[in-house]
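Quick note on numbering: the sequence shown equals residues 29 to 621 in this note's numbering. Step one of this worksheet: look at the structure below.
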Amino acid sequence: MGFRRIVWRIAVPFAVLVFAAIMGLAWRLSAVAYGNHVDQLERMLLADARALGVAFEGQLDAKVVGEPAMQDQILRYAQSLGARLTLMDEDGVVLADSHRHPSTMENHRNRPEVQQALSREAGSHIRISETVNQELMYAAAPIRRGDDLVGFARVALPLTEVREGVADLRRQIVGTAVLAAALALLLGLWVARRTARPIRDLTNVVGRMSRGDLDARLIPTTQDEVGTLTEEFNAMGDTLRATIHSLEEERGRSRAVLETMADGVLIVGADNRVQLANAAALHMLDYAGDAPQGRTLAEVVRHHQLVALWNQARSRGEQAAGIVEFGAEGPFIHAIVTPLTNEEDGGGLLLLQDQTEIRLADRMRREFVGNVSHELRTPLASIKALADTLQDTVEDDPAASQRFLSKMDAQIDTMTQMVSELLELSRIESGQVPLHLAPTRPSDLVTPRLEQLRPQAERKEIELEVAVPDNLPLVLADPERAGQVFANLLHNAIKFTQPNGRIRVWAEAGEGEVVFGVADNGPGIPPYILPRIFERFFKSDRSRTGGGTGLGLAIAKHLVAAHGGRIWAESELGMGSTFCFALPCAPQDAPRT
Numbered sequence: 029m030g031f032r033r034i035v036w037r038i039a040v041p042f043a044v045l046v047f048a049a050i051m052g053l054a055w056r057l058s059a060v061a062y063g064n065h066v067d068q069l070e071r072m073l074l075a076d077a078r079a080l081g082v083a084f085e086g087q088l089d090a091k092v093v094g095e096p097a098m099q100d101q102i103l104r105y106a107q108s109l110g111a112r113l114t115l116m117d118e119d120g121v122v123l124a125d126s127h128r129h130p131s132t133m134e135n136h137r138n139r140p141e142v143q144q145a146l147s148r149e150a151g152s153h154i155r156i157s158e159t160v161n162q163e164l165m166y167a168a169a170p171i172r173r174g175d176d177l178v179g180f181a182r183v184a185l186p187l188t189e190v191r192e193g194v195a196d197l198r199r200q201i202v203g204t205a206v207l208a209a210a211l212a213l214l215l216g217l218w219v220a221r222r223t224a225r226p227i228r229d230l231t232n233v234v235g236r237m238s239r240g241d242l243d244a245r246l247i248p249t250t251q252d253e254v255g256t257l258t259e260e261f262n263a264m265g266d267t268l269r270a271t272i273h274s275l276e277e278e279r280g281r282s283r284a285v286l287e288t289m290a291d292g293v294l295i296v297g298a299d300n301r302v303q304l305a306n307a308a309a310l311h312m313l314d315y316a317g318d319a320p321q322g323r324t325l326a327e328v329v330r331h332h333q334l335v336a337l338w339n340q341a342r343s344r345g346e347q348a349a350g351i352v353e354f355g356a357e358g359p360f361i362h363a364i365v366t367p368l369t370n371e372e373d374g375g376g377l378l379l380l381q382d383q384t385e386i387r388l389a390d391r392m393r394r395e396f397v398g399n400v401s402h403e404l405r406t407p408l409a410s411i412k413a414l415a416d417t418l419q420d421t422v423e424d425d426p427a428a429s430q431r432f433l434s435k436m437d438a439q440i441d442t443m444t445q446m447v448s449e450l451l452e453l454s455r456i457e458s459g460q461v462p463l464h465l466a467p468t469r470p471s472d473l474v475t476p477r478l479e480q481l482r483p484q485a486e487r488k489e490i491e492l493e494v495a496v497p498d499n500l501p502l503v504l505a506d507p508e509r510a511g512q513v514f515a516n517l518l519h520n521a522i523k524f525t526q527p528n529g530r531i532r533v534w535a536e537a538g539e540g541e542v543v544f545g546v547a548d549n550g551p552g553i554p555p556y557i558l559p560r561i562f563e564r565f566f567k568s569d570r571s572r573t574g575g576g577t578g579l580g581l582a583i584a585k586h587l588v589a590a591h592g593g594r595i596w597a598e599s600e601l602g603m604g605s606t607f608c609f610a611l612p613c614a615p616q617d618a619p620r621t
């Protein structure tokens, strides 16, 4: 971790270089010193060997191996010189030795130093002595009497002192090298820190800018390259801040446009992975997973038609469009896939337009026309048939004619009621029906209509259960219109409840509202019909046989919405139905009318 910092990358190599240079010098000096010591020792030993040969020249004629007198003399000389001394005859036979008895020693004629002495009047050699088991330097000189060779004198001295001296020298040099390296390291650290301080300050400023502080700047403290770099960096920071500010403004505008668009937008890369998706697209696709960015298109859209449309546009390299249906009841999405030919990655733009309301409105329009035609065709056909019959019987059977006229009048009343309810529904939807809102007791909305319809329930022997407490909060409502909603729901409950059935009417306080309910134990409503019961002219097959225009629940829905309330229904086949609507509570300081 430490060598990732520039301070250590400067200081450590500098110290290592100094240490390596001193160590190289140390080894070179120690080698030179060792060579000088060896040369000096060689010269000294050769001088001692020549002096030894002169001292024993006259005693070699006897050639007696281990002659006591010579042996004693050799020992005294050896003690005096502190070296090993050896005398040999001209054939290499050892006559005397200071460390071993000559009789136990082999012929030394072939020793390297002896061979050199034969050819060069002197010889030396360094080796491990088998006699004393030490590394010795041997120096041999020939002993001559006139021109005749009479023997050899050899002097040997251990190299221990020489090597110890060289080792001591090396230790001193190594110590000096370590000290110099430490000083070099400290100096390198000081220089490196001074050199790296502006870079470190610059790094801190860069870190602050990367974390969003675009106003971070560095004051130049030097006039060198680092100072120039600091000035250029500050200028770059100013440019970067202006550029990012401009990009953020542009991105904010683009994001605002994307997030407020009613149309869904997805940008997909060449690898079929989503790069961007706005909230409208996720809502249309009913996507509730993690962030869609990075996921495949199939994971986000989860519809084979959209994926096929995307692949079609990619393969043809041109725009493709189509309607995608997510079910019989929608949503219906108009999808447009546009390849982004100016993009290097070959991605594309997927635009989604929700046409569910348009489709449903168109379907409701068609159904409305069909329902109106159906509802009008029946009374018109009845009136036509009655009129034709009346023409044939008006003179022959006055009583029958009167019945036919009564039936025609009833059919005309039905059509008149239908037209009136259509006009009223149209006025309510267009906001042309004024509401006279006033704080009203919930019981005032329920009781009058309940009493009005009670005889109808009694004729079918239907039991009415009423639970409308007097202490409920006041609601802000138009008593006439809100009462019309309740009457509509109660009338439907009575109509579809079998004789001897039971209807429960109740009201209870909610959060900022009062909920009214009408529950029956009739046959119930099929689940596939329940979502459509508040549509105009919508009637189940069983309801058509019971009369009515099919507009009552639609009128109730719009009246409740005009009050700022809500209406809903719950039902289970064979268990009855429950219709509820909620009206907002009146302000506590509002005057009651």
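All residues carry an ideal CB built from backbone N, CA and C; glycine is no exception.
- Within the same chain, Cβ atoms closer than 6 Å to the Cβ of M98 are found at Q87, A124, the five residues on either side in sequence being excluded.
- Following the DSSP letters along the chain, one finds I102 inside the alpha helix (DSSP H) bounded by residues 96 to 109.
- Only buried fits G511, as 16 or more other CB atoms lie within 10 angstroms of its CB.
- The DSSP assignment places 140 to 148 as complete runs of the alpha helix (DSSP H) inside the segment 106 to 183, in order along the chain (cut-off: 4 residues).
- Within its own chain, no residue has a Cβ closer than 6 Å to the Cβ of P615 once the five positions on either side in sequence are excluded.
- Minimum Cα-Cα distance from E276 among the listed residues V302, I247, G240 corresponds to G240.
- Rounded to the nearest angstrom, the Cβ distance from A167 to V183 is 5 Å, consistent with a contact under 8 Å.
- Checking the DSSP bridge columns, you'll see Q303 has no partner listed.
- Looking at the DSSP output, F609 sits in a beta bridge with F544, I595.
- Within 10 angstroms of the beta-carbon of D548 lie 16 or more other beta-carbons, which makes it buried.
- With 16 or more other Cβ atoms from the protein chains shown falling within 10 Å of its own Cβ, E141 counts as buried.
- Contact annotation: A537 and L500 have beta-carbon atoms nearer than 8 Å.
- Membership of T324 in any beta strand (DSSP E) is not indicated, and neither H nor E is assigned to it by DSSP.
- In the three-state reduction of the DSSP assignment, F354 falls in the coil class, being assigned neither a helical nor a strand state.
- By the neighbour-count definition (other C-beta atoms within 10 Å, threshold 16), G580 is a buried residue.
- Put simply, of A270, A308, A263 the residue whose alpha carbon is nearest the alpha carbon of R283 is A308.
- CA-CA distance, R594 to F609, rounds to 6 Å.
- Across the structure, L377 and I247 are spaced so that their CA atoms are roughly 47 Å apart.
- Contact annotation, S126 with L146: C-beta distance approximately 23 Å; criterion of less than 8 Å not satisfied.
- A distance below 8 Å separates the beta carbons of L504 and L465.
- When the alpha-carbon of P130 is set against those of I154, Q143, V546, P96, the nearest one is in P96.
- For A363 and Q347, the gap between their C-alpha atoms comes out near 11 Å.
- Within the model, the alpha-carbon separation for D196 versus A54 is close to 11 Å.
- In the three-state reduction of the DSSP assignment, G86 falls in the helix class.
- In the DSSP assignment, no residue is bridged to G550.
- Taking the CA atoms as reference points, T468 sits about 19 Å from L517.
- DSSP, read as helix, strand or coil, puts T525 in coil.
- In the DSSP assignment, A195 forms no beta bridge with any residue.
- Put simply, of L187, A111, L217 the residue whose alpha carbon is nearest the alpha carbon of A181 is A111.
- In the three-state reduction of the DSSP assignment, P476 falls in the helix class, which pools H, G and I.
- Annotated three-state conformation of G375 is coil, per DSSP.
- For R530, the enclosing beta strand (DSSP E) stretches over residues 530 to 537.
- Nearest C-alpha to A244 among F84, D229, Q333, G255: D229.
- Straight through space, the alpha carbons of E493 and Q526 are spaced by roughly 16 Å.
- Minimum Cα-Cα distance from L213 among the listed residues L463, L74, F47, E489 corresponds to F47.
- Within its own chain, no residue has a Cβ closer than 7 Å to the Cβ of R222 once the five positions on either side in sequence are excluded.
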